[in-house]
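*Asks:* Sequence lines, in order, name chains B and H. According to our numbering, numbering within the first sequence proceeds without interruption in unit steps and concludes at 1023. According to our numbering, numbering within the second sequence proceeds without interruption in unit steps and concludes at 1023. The beta-carbon is built from N, C-alpha and C at its ideal position, and this holds for glycine as well. It should be emphasised that the depicted structure is a prediction, and the values quoted were computed from it without experimental measurement. Below you will find the structure I want to go over with you.
2 protein chains.
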Amino acid sequence: MGSPITTVYSRIKRLEDSGVIRGYKPVLDAARLGRPTTAFILASITYRTPGVEETLDQRLIAQEVARFPEVQEVHIITGDWDLLIKVKGRDVADIGRFVVDKLRTVRGIEKTLTCMVFDTAKETLDLPL
Amino acid sequence: MGSPITTVYSRIKRLEDSGVIRGYKPVLDAARLGRPTTAFILASITYRTPGVEETLDQRLIAQEVARFPEVQEVHIITGDWDLLIKVKGRDVADIGRFVVDKLRTVRGIEKTLTCMVFDTAKETLDLPL
DNA sequence: CCGATCACCGTAAAAATTACGGGTACAACC
DNA sequence: GGTTGTACCCGTAATTTTTACGGTGATCGG
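So this is what it looks like as structure tokens:
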């Protein structure tokens, strides 16, 4: 059978104290919260602040984008684009409003390419081990 | 001050019973678990099973990719590529091994484009409200 | 006005988690 | 070999969290 219950608890406590487990969060149902639609948005960036190092600037813009509550992820990436942004909204029109009215008004956002999600096979922050 | 404790509990219970809260998960520290490196991989797909409807096929391939434990997200998307995959690994070489040894051996995966993440400003499954 | 429904909120019971301490395994060191 | 230190296991008992179960008031439709 399994280990004694107090052993299990002390192992969990060890993971919490060591920082492997940072905390706990509810797993939410996006559809029931009115956001069944997912999109990924690629964005490029201009450097509006001469004299400031560029990566710092990108990080600040990324942080700005991250402040929108409908944004779940913001990554600075390699390749043809600078930023990869994941958003959840009510429908395509809602995603459109986010891109046009919010994202494109952020200073430094130059150009965007929106990529809608048809279907999601997996979406988690789980890690092996 | 806040609401009475039993009121808070009954509100949470309502969210659980109604399905808005599906459950609870630990928030893990990817770096401490040996996976500090994130990559997004775009993949295109071939249709190896004539006579089978294509979207079904794509869904099956997506499910196959989703079985790898280092994969956190698999989405079927609009645009030039079919699949968007998010992976966490030890380093770039580890991501490379995943793409070459695992992802490209999945039947139906045709072509891939790997995009490394330099920095992540936000990464969550939280939702507004 | 009435009945039904729903959320609020208290007490008391039940269940979960923690605190604490003894025991064991293992490695480093003298 | 013996000793020391560390880390984990695991039990009892205390503590805290969570649930069960009403009673109350607000709201809504008829």
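#1: Show which residues of chain B have a CB atom less than 8 angstroms away from the CB atom of isoleucine 915 of chain H.
#2: At a cut-off of 7 angstroms, is lysine 907 of chain H close to the ligand NAD when judged by its beta-carbon and the heavy atoms of the ligand?
#3: At the level of alpha carbons, what is the spacing between glutamine 966 of chain H and isoleucine 955 of chain B?
#4: Report the neighbours of alanine 960 of chain B on chain H: residues whose CB is nearer than 8 angstroms to its CB, in chain order.
#5: Quick one: what's got a C-beta closer than 8 angstroms to isoleucine 915 of chain B's C-beta in the same chain, skipping five residues either side?
#6: How many angstroms separate the CA atom of tryptophan 975 of chain H from the CA atom of leucine 936 of chain H?
#7: Quick one: is threonine 846 of chain B near chain H, going by C-beta distance under 8 angstroms?
#8: Any beta carbon from chain B within less than 8 angstroms of isoleucine 970 of chain H's own beta carbon?
#9: Let me know if leucine 1023 of chain B comes out buried or exposed under the rule of 16 or more other beta-carbons within 10 Å of its beta-carbon.
#10: For chain B, is any of its Cβ atoms less than 8 angstroms away from the one on methionine 1010 of chain H?
#11: Would isoleucine 971 of chain B pass as a contact of valine 1011 of chain H if the rule is Cβ separation under 8 angstroms?
#12: Indicate whether glycine 983 of chain B and glutamate 964 of chain B have their beta-carbon atoms separated by less than 8 angstroms.
*Replies:* In brief:
#1: In the second sequence, the residue the question calls residue 915 of chain H occupies position 21. Neighbours of isoleucine 915 of chain H on chain B, chain order: Pro920, Val921, Leu922 and Asp923.
#2: The ligand NAD is absent from the structure shown, which contains no ligand whatsoever.
#3: Translated into positions along the second sequence, residue 966 of chain H becomes position 72. Translated into positions along the first sequence, residue 955 of chain B becomes position 61. Cα-Cα distance, rounded: 25 angstroms.
#4: Here residue 960 of chain B refers to the residue found at position 66 of the first sequence. By Cβ distance, chain H contributes Ala1015 and Lys1016.
#5: Within the first sequence, the letter at position 21 stands for residue 915 of chain B. So the qualifying residues of the chain are Ile906 and Leu909.
#6: As a first step, residue 975 of chain H must be located in the second sequence, where it is residue number 81. As a first step, residue 936 of chain H must be located in the second sequence, where it is residue number 42. Each residue's Cα considered, the two are about 6 angstroms apart.
#7: Since the displayed chain B opens at 895 and closes at 1023, residue 846 of chain B lies outside it and no answer follows.
#8: Your numbering for residue 970 of chain H matches position 76 in the second sequence. Judged by the 8 angstroms Cβ criterion, isoleucine 970 of chain H is in contact with chain B.
#9: Within the first sequence, residue 1023 of chain B is the residue found at index 129, counting from 1. Exposed, because fewer than 16 other Cβ atoms sit within 10 Å of the Cβ of leucine 1023 of chain B.
#10: Taking the second sequence and counting its residues from 1, one reaches residue 1010 of chain H at position 116. Yes, methionine 1010 of chain H counts as interfacial toward chain B.
#11: The sequence position of residue 971 of chain B within the first sequence is 77, counting from 1. The sequence position of residue 1011 of chain H within the second sequence is 117, counting from 1. Yes, these two residues count as a Cβ contact at 8 angstroms.
#12: Taking the first sequence and counting its residues from 1, one reaches residue 983 of chain B at position 89. Taking the first sequence and counting its residues from 1, one reaches residue 964 of chain B at position 70. Yes, the pair counts as a contact, with Cβ atoms nearer than the cut-off.
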